[in-house]
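Our numbering numbers the first residue of the sequence shown as 774 and each following residue consecutively. Before any comments, here is the structure.
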Amino acid sequence: MQKSMILGLGLCLLASCSHLPDFTSRLSTRLPTEDKSEAIGAYALGCLKGAQTFSGKEKGLLISQVKRGRYWGHPDLISLLTKASEEFAKEKKILMIGDLSQSRGGPTLTGHNSHQTGLDVDVWFKVLSADTKISFRELETEDMKPMKELGADQIKMIKYFAQDQSVERIFINPAFKKKLCQDQKLTADEHHKLRAWWGHDDHIHVRLKCPLDSPLCISQKPIPAGDGCGEELNWWFTKEASEGSKDYNWEALKSAYLEKVKKLPKECSFYNETF
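In structure tokens, the structure reads:
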């Protein structure tokens, strides 16, 4: 998303934009509910009870864009990322984590359609060496540079998440998916979970299955059989696919957000609660 749009959003929130609930300007600082953890609803229309975050003791994990307040997740997601960080720390590498969910899940004003139930996470392609110094600007802004090609660290990261039984699917840039299909560096089972989607040229989006402790979680339709390297991948390089990825102006973002809030499951009423 363009910096001007983000800046405009920030100014709009500071000025108490009309027709937005009062709590929207404080979404990044709200605390989670004190309930038993539960993912509720669909990935793109749901919420999260009893969200958890990291302990601060992870060996190979760096959370970016903390100011957004999207570092909360279902315990299954926090556990997966903690285990991944420990695995990469063995080789003195650090994973950079992007958005998870807000403290109560739900829709966000910018940035994502999904990430609403604490089961989605963005993991940057940029894997750091343990002794790397990264600037505050790079860590906290939205201008992480896209990767031109995937190296050994990125392949290992993809394989790690694809092999975990709790992972439902992984979204990746179509060009990277195509290259990985050609290079045959992934198994058929790993490729099955790895799916092309718009953007994702600087990160992968990892999505977990609905947890056993979350009966109100709505599963996504199963991934079609196969490795995703056939005709379904070729579509992503057509004009029709290129027209599907667009930036939206503030009015469109605001309207979409308000519609999502109205359509949340009734069990998500706590999302609208103020402090």
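We put the CB at the ideal spot given by N, CA and C, even for glycine.
Cβ-Cβ distances below 7 Å link lysine 958 to Ile928 in the same chain, with the five nearest sequence neighbours on each side left out; the list follows chain order.
Per the DSSP secondary-structure output, glycine 823 pairs with nothing in a beta bridge. When C-alpha distances from proline 988 are compared across Ile931, Ala815, Arg799, Phe944, the shortest belongs to Ala815. Taking leucine 981 as the centre and dropping the five residues before and after it, the same chain places the C-beta of His847, Asp849, Leu850, Leu853, Leu892, Asp893, Ser939, Val940, Glu941 closer than 8 Å to its C-beta, in chain order.
Scanning Asp872, Thr890, Glu864 for the CA closest to the CA of serine 992 turns up Thr890.
Counting along the chain, methionine 869 sits inside the beta strand (DSSP E) bounded by residues 866-870. Nearest Cα to threonine 855 within the set Leu882, Asn1007, Lys840, Gln825: Gln825.
When only Cα atoms are considered, lysine 1036 and alanine 1029 end up about 11 Å apart.
Within the DSSP bridge table, the entry for arginine 980 names Asp893, Arg942 as partners.
Here the region 792-810 makes no contact with the region 961-978; the two share fewer than three CB pairs at distances below 8 Å. In the three-state DSSP reduction, alanine 925 falls in the helix class (H, G or I).
Looking only at Lys822, Leu804, Glu807, the smallest Cα-Cα distance to proline 984 is reached by Lys822.
Looking at the DSSP output, arginine 968 bridges to Phe944.
A Cβ-Cβ distance of about 24 Å is found for the pair serine 876 and glycine 833, leaving them out of contact under the 8 Å criterion.
With a 10 Å radius around the Cβ and a threshold of 16 neighbouring Cβ atoms, glutamine 955 comes out exposed. Within the DSSP secondary-structure output, glycine 846 pairs in a beta bridge with Gln825.
Residue environment: tyrosine 1021 is assigned as exposed (fewer than 16 neighbouring CB atoms within 10 Å of its CB, all protein chains considered).
Setting aside the 5 residues that flank it on each side, glycine 879 is surrounded in the same chain by Cys820, Gln889, Leu1037, Cys1041, Tyr1044, each with a C-beta closer than 7 Å to its C-beta; the list follows chain order. For glutamate 1046, no beta strand (DSSP E) encloses it, and the DSSP letter there is neither H nor E. DSSP, reduced to helix, strand and coil, places leucine 959 outside both helices and strands of the structure shown, so it counts as coil. Here the alpha carbon of alanine 961 sits roughly 13 Å from the alpha carbon of proline 997. Here isoleucine 813 carries a strand assignment [DSSP, helix/strand/coil]. Collapsing the DSSP output to three states places isoleucine 907 in coil. In this structure serine 902 is not in contact with lysine 950, their Cβ atoms being roughly 27 Å apart against a cut-off of 8 Å.
The continuous alpha helix (DSSP H) containing leucine 1006 extends over residues 1004-1007. For leucine 1026, the enclosing alpha helix (DSSP H) begins and ends at 1023-1036.
DSSP places serine 1042 within a helical segment (H, G or I) once states are collapsed to three.
If you check the CB distance, lysine 918 and lysine 899 come in under 9 Å. A distance of 9 Å or more separates the beta carbons of tryptophan 845 and isoleucine 870.
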